[in-house]
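Numbering (the working numbering), first residue to last: 1 to 161.
This report refers to the structure that appears directly beneath it.
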């Protein structure tokens, strides 16, 4: 009996350091904001993007170090939005204990989830640091799948809009 109590206590300690998203919260997500930034790359090649997704629209902004290269808003559907939320849920996103990483130059990404205008989840990854945890999949790839081909060409440094 004491061993069982000790095991429960230890498992409780690990859950303190990692906070997943409750099922009821997934059902109430009204806005998703994802940001991705390339690591330290020479100015002509550097790209970062921010994507804001709601049931009605997807807005993408692509920047280099000093200017906006593209900004585009296009319609979304409730069906596609719910599919994205399900894919995000499937990644096993959680917010873990923050890892301080003093290395520089790595890619970074952040994810914010909203209920109406209230941000209820925000986590980030920068190089090997941050507090964004995933059990599977790749957020950058997941969000790039939502982009139109003209925006993908801007990200690849092939054109500007």
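Don't be surprised by glycine CBs; every beta carbon is placed ideally from N, CA and C.
Coil, strand or helix - residue i by DSSP
i: residue 100; result: coil
i: residue 86; result: helix
i: residue 33; result: strand
i: residue 145; result: coil
i: residue 21; result: coil
i: residue 62; result: strand
i: residue 139; result: helix
Neighbourhood of residue i by C-beta distance below 6 Å, restricted to the same chain and skipping five residues each side
i: residue 166; result: As shown, the chain starts at 1 and ends at 161. That puts residue 166 outside it, with no answer to give.
i: residue 119; result: 112
Beta-ladder partner(s) of residue i, from DSSP
i: residue 133; result: 94
i: residue 49; result: 36 and 62
Close Cβ partners of residue i (< 8 Å) along its chain, the five nearest in sequence each way excluded
i: residue 144; result: 152 and 155
i: residue 101; result: 126, 127, 128, 129 and 130
i: residue 114; result: 29, 30, 31, 32, 33 and 120
i: residue 133; result: 18, 92, 93, 94, 95, 96 and 123
For residue i, the nearest candidate out of the options (CA to CA)
i: residue 50; options: 110, 76 and 123; result: 110
i: residue 80; options: 73, 66 and 58; result: 58
i: residue 43; options: 148, 65 and 22; result: 65
Sequence-distant residues of its chain with Cβ nearer than 7 Å to residue i (five each side left out)
i: residue 26; result: 85 and 89
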